[in-house]
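Once you know that position 25 of the sequence shown is 25 in the UniProt record's numbering, the rest is easy, because the numbers rise by one and skip nothing. Where a beta carbon is used, it is the ideal one built from N, C-alpha and C, also for glycine. These figures come from a predicted structure and were not determined experimentally.
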Amino acid sequence: MERRKEAIIREARHKEEKEARLRADEEARHITEEEARHKAEEEMKAVEERRKAQEGMKINERITLEEETRLEKERFLVQVRCNMFKKNIK
Numbered sequence: 001m002e003r004r005k006e007a008i009i010r011e012a013r014h015k016e017e018k019e020a021r022l023r024a025d026e027e028a029r030h031i032t033e034e035e036a037r038h039k040a041e042e043e044m045k046a047v048e049e050r051r052k053a054q055e056g057m058k059i060n061e062r063i064t065l066e067e068e069t070r071l072e073k074e075r076f077l078v079q080v081r082c083n084m085f086k087k088n089i090k
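Here is the structure:
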């Protein structure tokens, strides 16, 4: 009878330990999933920031190119006017 009680107690402890391990594993899995989700969100934010920065650089490059083109046109017109003025003076 005593051995039977001890066996039942051992089985109960074993069952409790197994359930505790399962809960710990589940909690660890949950934490890992949360960490992975957080890491993915951070990576998405970083990708979006890089995309916005690249977009901003492209816009700045376009503005710079447009400004350079405008200045070249102005220089050309000034040169044409100077040449016309020189021809009229001669």
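Residues near K52 by beta carbon distance below 7 Å, same chain, minus five either side:
none
Terminal residues of the alpha helix (DSSP H) in which residue 102 lies
Within the shown structure, residues of the chain are numbered from 1 to 90, placing residue 102 beyond reach of any answer.
Other residues of its chain near E33: CB distance less than 7 Å, five sequence neighbours each side excluded:
none
Taking just the CA atoms, how far does E6 sit from E16?
15 Å
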